[in-house]
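Undergrad:
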Amino acid sequence: MHQLTRSLPGRLLAAMFALALLAAACGNGDDGDDTTQATPSPDATPGEPEPVPGFDGTTIRVGVVTPLSGPAAIIGLPLTAGNRVWFEHVNAQGGIAGRYRIEMVEADNQYIADETITQYNRIKSDVVMFAQILGTPPTQAVLPLLRQDNIVASPASLDADWVREQNLLPIGGPYQIQMINGADYYLRTEGSTDSVICAMIQDDPYGAAGLEGLEFAAGELGFEITTVARYTAGDQDFTGQLSQLRDNNCEAVFLVAIPSDSVRIWGAAATLGYAPRWLGQSPTWLTAFAGGDLAPYLEENLWIIAEGAEWGDESVPGMAEMIEHQEQYAPDQEPDIYFVFGYAQARAVTAVLERAVELGDLSREGIIAAMNDLDRLEFEGLSGDYPWGPPEERDPPRESSIFGVNADRPAGLEGLEINFASDAARAFEFD
Amino acid sequence: MTKFLQLLSSGVALGAIYALVCLGFVIIYKATGVINFAQGAFVVVGAFLVFNFTQTWGLPFYPSILLAMAVMAVIGVVVERLILRRMVGQPVFAVILVTFGLLIVMEHGANAIWGYTLLPVGDPWGLRTVALGDVMVRVIDLWRVTLGAVVLGAFFLFFRYSRMGVAMRATAFDAEAAIAQGISARRVFALSWAIAGVVAVVAGVLLAGGGRGVDVSLGFIALRALPAMILGGLDSPGGSVVGGLIIGVTEVMTAGYINPAYGDIVGQNFHVVMPYIVMILIMMVRPYGLFGTKEVVRI
């Protein structure tokens, strides 16, 4: 009689592996407002666009591939709401060029690169371009397909790598610029070149983009980056990384994270009694943080590096207009920096489509031609204006804004210095 | 030494969380032989319910936990009754896929109901800490360890001394024989899912407390806890605790010592890899986990 001992964990591992494989496989409107979104070249040739994929002669459809679920939905949902509010406003004015309604085709990428490819392929034939693809890793994943298919997409990601890409329509100052301006602000206010300056980054392309900016700032401004602590998205405990930073006496820590991680990093730091000056890239922030248990710690120790004005500052024309539209089309929308980005992004998309209609061609080639024909993307203070043109002529905004945490302000952020550009940021070149 | 103790403290607390999540897996596996991949979603929904009871309806924190446990127990029974019962007798892999699908459905449902922002569970622990010598220990970490021990103790007593606990063990060992002895396998299955729901509330609250808040990403902990469950033994509550502690301490110690010193060689995120290396090494010696039951088949 023989006995066989079967390993249950072994079978489970095999099942898990199969599951992992399965999971991987599944995968301006010229509206009569006095705001100008883009400045077209003067030699425009009017025409009537022919129906093409994504345009049936009456409605223009644009794709949105964004995390509608999962941890990054906390960014994707308000950002998409910003897209939607602007397009609803455009449609209320008659649509693109006052003639063609615009519709969003939304797909959930869960902030997963592979899923982004799946969703992109699923809807690409139904849209003229992508008004949003959220995230640096997802954008990187889909970029070869955009090139191959000759489709334009606007990344909701501030990586500097997008600037010279023919098929991308980035807006805003890149992460690298945020870090450079953040370092400049820190050195001008609290720190010095002798300060112990460190970074804590998500170990992926998003984190690498922020670190690239900080390294450039170190060279330009004459300080050293003492420690770079890294973590993986989804880590549950950060004591090890925080101990590393504290052991090296880091006085300022530049953080590159998304909100579901940043809240736990700051929470762990607070409970460990570690209180450096935190400088968080814009995607580290969430309005809810200003009202939670962490608020006193964050008010004391955190600056957020972002762009534009405080939510509701109606002295800024773009913000005043956005608030008006938000109250009209999304009255329940809470103040949120990602909503602002999505709104500004949709303005840029509209500028391209307006120009394409003006040139009489909404085909993929026509949209690229229209995009290259624009001289400047303007945002009325919502984001830095973007000198535009063919890829080699694009010059991203160098401005950033520094915000402190203040629970009494909308979005929990109080402007400390708004829309400034450091010399170091101006010196940064985009390859 | 202070750094070591600080990391040890955090590692034990993380391990306690892993253990609590694993206990939810184990209770169902022990009774039904099914790996419930939806356990992470149970954790999320449990924490969201506590949010509703404390924040939406203004109930005190501890009664809210009890109410959430009751609701999750019902949800567990309903899931078993409506979905899993129909899978009895089907291949294990098919059942696992069903629980995986359940995970996706519940996560999306939670997103639709509670939205995407972080919501507070109203815990009294907040960011408070106590000093043990030079080591700062979070109050919530003390609760994590304490409640982990309490739940484990309750499991031990339940399985060892209660009629239903013995019935569950018998059903897991041989369902047909158990039924022949008058044990209601249906009741056993339903109860195991109810208990998994109750444990998920404890895990969810302890994860979402301490200033973090609850959102759907809370459920990711279940995937991180898998090495602990496998290492400890799929059907062993005690193994879950030991496995959780080993994996938690390994993860935090690696992040604290190995990453800074050898990150250029082994990679800066070696703390994510190390638990799997430990798991593989232990399983090479004990393929059924530290405390798992050998499955013996006569041929």
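Those protein sequences? They're chains V and W, same order as listed.
1420 is the number of the first residue of the first sequence in my numbering; add one for each residue after it.
963 is the number of the first residue of the second sequence in my numbering; add one for each residue after it.
For glycine and all other residues, C-beta sits at the position ideal for the given N, C-alpha and C.
Here the structure is a predicted model, which is why all the values come from computation and not from measurement.
1) Excluding the five sequence neighbours on either side, which residues of its own chain have a C-beta within less than 6 Å of the C-beta of residue 1140/W, listed in chain order?
2) 7 Å is my cut-off, CB to CB: does residue 1098/W come that close to chain V?
3) Is residue 1217/W close to chain V? Criterion is C-beta to C-beta, closer than 7 Å.
4) Using beta carbons (cut-off 7 Å, strictly below), is residue 1623/V in contact with chain W?
5) Please go through the same chain and pick out, in chain order, the residues whose beta-carbon is closer than 6 Å to the beta-carbon of residue 999/W, but skip the five residues on each side of it.
6) Going by other Cβ atoms of all chains shown within 10 Å of its Cβ, with 16 needed for buried, is residue 1773/V buried or exposed?
7) Beta-carbon within less than 7 Å of residue 1676/V's beta-carbon, same chain only, minus the 5 sequence neighbours each way: which residues are those?
8) So, is residue 1480/V buried or exposed, given that buried needs 16 or more other C-beta atoms within 10 angstroms?
9) Name the two residues that bound the continuous beta strand (DSSP E) containing residue 1671/V.
10) For the stretch 1690 to 1701 of chain V, which residues have a CB atom closer than 8 Å to at least one CB atom of chain W, in sequence order?
11) Comparing the C-beta of residue 1244/W with each C-beta of chain V, is any distance below 7 Å?
12) Once you ignore the five residues that flank residue 1183/W on each side, which residues in its own chain have a CB closer than 8 Å to its CB?
13) Could you pull out every residue in the same chain whose Cβ sits closer than 6 Å to the Cβ of residue 1851/V, ignoring the five residues on either side in sequence?
14) Using 10 angstroms around the beta-carbon of residue 1441/V, count the other beta-carbons present and answer buried if the total reaches 16, otherwise exposed.
15) Distance check for residue 1217/W and residue 1657/V, CA to CA, integer angstroms please.
16) For residue 963/W, which of helix, strand or coil comes out of DSSP?
17) What's the C-alpha gap between residue 1446/V and residue 1539/V?
18) Go ahead and pull the three-state DSSP assignment for residue 1499/V.
19) Nearest-angstrom Cα distance between residue 1142/W and residue 1010/W?
20) How many angstroms separate the CA atom of residue 1246/W from the CA atom of residue 1240/W?
21) Along chain V, in chain order, which residues have C-beta atoms closer than 8 Å to that of residue 1073/W?
22) How would you call residue 1448/V, buried or exposed, if buried means at least 16 neighbouring beta carbons within 10 angstroms?
23) Beta carbons nearer than 7 Å to chain V: which residues of the stretch 1096 to 1123 of chain W have them?
24) Run the CB neighbour count on residue 1048/W, radius 10 Å, all protein chains shown included, and call it buried at 16 or more, exposed below.
25) Cβ of residue 1607/V less than 7 Å from any chain W Cβ?
26) When the Cα atoms are used, what is the spatial distance from residue 1664/V to residue 1019/W?
27) Taking Cβ-Cβ distances shorter than 8 Å, what residues in chain W pair up with residue 1802/V?
28) Give the residues from the stretch 1217 to 1241 of chain W that approach chain V closer than 8 Å (Cβ to any Cβ), ordered along the chain.
29) Thinking C-alpha only, which one of 1172/W, 1179/W, 1137/W is nearest residue 941/W?
30) Out of curiosity, what's the CA-to-CA distance linking residue 968/W and residue 1697/V?
31) Thinking C-beta only, is residue 1500/V closer than 7 Å to residue 1847/V?
32) I need the boundaries of the beta strand (DSSP E) containing residue 1823/V, first residue and last residue.
33) What whole-angstrom Cβ distance do residue 970/W and residue 1213/W have, given they're in contact under 8 Å?
34) Kindly list the residues whose CB is nearer than 7 Å to the CB of residue 991/W, restricted to its own chain and excluding five residues on each side of it in sequence; keep chain order.
35) Using the three-state DSSP reduction, which class does residue 1657/V fall into: helix, strand or coil?
TA: In this structure, then:
1) 1132, 1133
2) yes
3) yes
4) It does not; no Cβ of chain W falls within 7 Å.
5) 1061, 1062, 1065
6) buried
7) 1621, 1684, 1703
8) Counting Cβ neighbours within 10 Å, residue 1480/V comes out buried, since at least 16 surround it.
9) 1671 to 1675
10) 1690, 1691, 1692
11) no
12) 979, 980, 983, 1002, 1005, 1165, 1169
13) Since the displayed chain V opens at 1420 and closes at 1850, residue 1851/V lies outside it and no answer follows.
14) Because the pLDDT of residue 1441/V is 40, which lies under 50, any placement of that residue in the model is unreliable, and the number read from its coordinates should be weighed accordingly. Under this definition residue 1441/V is an exposed residue.
15) Rounded to the nearest whole angstrom, the CA to CA distance from residue 1657/V to residue 1217/W is 8 Å.
16) Reduced to three states, the DSSP call for residue 963/W is coil.
17) Low per-residue confidence applies at residue 1446/V: pLDDT is 35, beneath 50, and the placement is therefore not dependable, though the value from the model is reported in the following sentence. Cα to Cα, the separation comes out at about 11 Å.
18) Per DSSP, reduced to three states, the secondary structure at residue 1499/V is helical.
19) Roughly 41 Å separates the two Cα atoms.
20) 10 Å
21) 1487, 1488, 1492
22) Only weak support is given to the placement of residue 1448/V: the predicted model assigns it a pLDDT of 35, under 50, and the value that follows is read from those uncertain coordinates. Residue 1448/V should be labelled buried.
23) 1098, 1100
24) Exposed: under 16 other Cβ atoms inside 10 Å.
25) no
26) 41 Å
27) Going along chain W, no residue has its Cβ under 8 Å from residue 1802/V, so there is no contact; the nearest lies around 23 Å.
28) 1217, 1218, 1219, 1221, 1222, 1225, 1230, 1231, 1233, 1234
29) Only positions 963 to 1261 of chain W appear in this structure, which leaves residue 941/W out of reach.
30) 22 Å
31) no
32) 1819 to 1824
33) Wrong, their Cβ atoms sit about 12 Å apart, outside the cutoff.
34) 997, 1196, 1197
35) coil
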